[in-house]
Amino acid sequence: MSAVVIALDEGKNIVACLESLRWADEIVVVDSGSSDGTQEIARRYTDKVFDVPWKGFGPQKQAAVELASHDVVLNVDCDERVTAELAEEIGAILSGPGMAAAYTVPRRTFLGGKEIRHCGWYPDRTTRLFDRTRARFSADLVHERVEVSGDTAPLKGHLLHYSFSGIGDMIPKINLYSDLSARQKFERGRRCGIADLLLRPAFAFLKTYVLRLGFLDGVEGVVISATTSWLAFAKYAKLRELSRAPGKGRK
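Mind the numbering: the sequence shown is residues 102 to 352 in our numbering, read in order.
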């Protein structure tokens with residue numbers, strides 16, 4: 102089994118991530134031009150370290166999958182850690198008589214050291230283990246997904262997701278994700294109206310804080326709900342900017 106990881110300036114995260122993957126038959130790291138020593142750190146754990154120009158989350162992860170030596174791959178992000186229980190469960194599947202095309206994994210996500218149990222952040226199942234002959238990453242720039250041809254089964258073992266140390270970590274990601282999301286929507290013919298700018302951020306806050314019980318996560322629930330709302334506003338405001346740019350036509 103190959104564990105595949107994409108990275109960009111992840112020097113502070115990648116050591117713990119790769120330590121949790123030492124049990125894998127192979128580790129593949131696809132970097133996109135880090136300047137903080139990420140590639141050098143990764144080479145302590147594997148000789149399969151590649152520098153691939155950034156093309157978006159989906160294409161980048163698929164590039165890592167295609168560079169792997171094994172058909173069964175496990176995708177892990179640099180801010181995630183594989184628990185011993187998950188590693189043992191995957192080992193049992195690999196040594197068993199057969200496997201599904203793909204498996205979903207629950208994640209325990211932390212903000213500033215506190216585990217978040219609501220806000221839509223748990224169990225946050227995501228497809229991470231799959232047979233690349235029957236599954237592949239979508240070409241989405243952001244919010245990529247694994248497209249599966251076959252059956253999908255759930256795993257019980259968790260990934261630990263250390264998403265943000267605090268709000269200072271959240272702001273750059275909001276900027277990146279809103280850039281990519283706006284561009285992706287624009288390329289797919291979407292445009293932004295006043296209603297999008299007014300209603301989508303409000304609904305994002307309501308959905309996260311009330312419908313997904315974010316209020317039970319205390320102050321962190323407020324922070325997550327507010328930043329989710331800001332992400333919604335930022336991506337649609339940027340979409341409107343794209344549609345009004347010279348040569349694009351004003352909407």
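Heads up, the beta-carbon is just placed ideally off N, CA and C, and yes, glycines get one too.
Subject >> Cβ shell of THR234 (< 6 Å), same chain only, five flanking positions each side left out >> reply: ASP172
Subject >> Where THR184 sits in the DSSP three-state scheme >> reply: coil
Original post:
With contact counted as at least three CB pairs below 8 Å, one residue from each stretch, are the stretch 133-150 and the stretch 214-223 in contact?
Top reply: no
Subject >> Euclidean distance between Cα positions of VAL311 and VAL324 >> reply: 13 Å
**OP:** Go through its chain and collect everything with a Cβ distance to ARG351's Cβ below 8 Å, but skip five positions before and after it.
**Re:** The predicted model places ARG351 with a pLDDT of 45, which falls under 50 and marks its position as unreliable, so this point remains unresolved.
Original post:
Does the distance from the CB of VAL206 to the CB of SER103 come in under 7 Å?
Top reply: no
Original post:
Going by the CB atoms, is the gap between ASP318 and HIS219 shorter than 7 Å?
Top reply: Yes, these two residues count as a Cβ contact at 7 Å.
Subject >> For GLU342 and LYS336, the rounded distance between their alpha carbons >> reply: Here the alpha carbon of LYS336 sits roughly 10 Å from the alpha carbon of GLU342.
Subject >> According to DSSP, residues forming a beta bridge with GLU321 >> reply: DSSP, once it has assigned bridges, lists no residue as partnering GLU321.
Original post:
Should ASP152 go down as buried or exposed, given a rule of 16 or more other Cβ atoms within 10 Å for buried?
Top reply: exposed
**OP:** Using DSSP bridges, identify the partner residues of PRO255.
**Re:** The partner list for PRO255 (beta bridge, DSSP) reads THR205.
Original post:
Since LEU242 and GLY315 are thought to touch, with beta carbons under 8 Å apart, how far apart are those beta carbons, to the nearest angstrom?
Top reply: In fact, because the Cβ distance is near 27 Å, the residues do not count as touching under 8 Å.
Original post:
Any beta-carbon of chain D closer than 7 Å to the one on GLY251?
Top reply: Any reference to chain D falls outside this structure, which holds one protein chain only.
Subject >> Nearest-angstrom Cβ-Cβ length linking HIS262 and ARG209, presumed shorter than 8 Å >> reply: The Cβ separation is near 7 Å, so the contact holds.
**OP:** Report the rounded CA-to-CA distance for ASP132 versus HIS244, giving the unit in angstroms.
**Re:** 19 Å
Subject >> Environment of ILE272 [buried if 16+ CB atoms lie within 10 Å] >> reply: exposed
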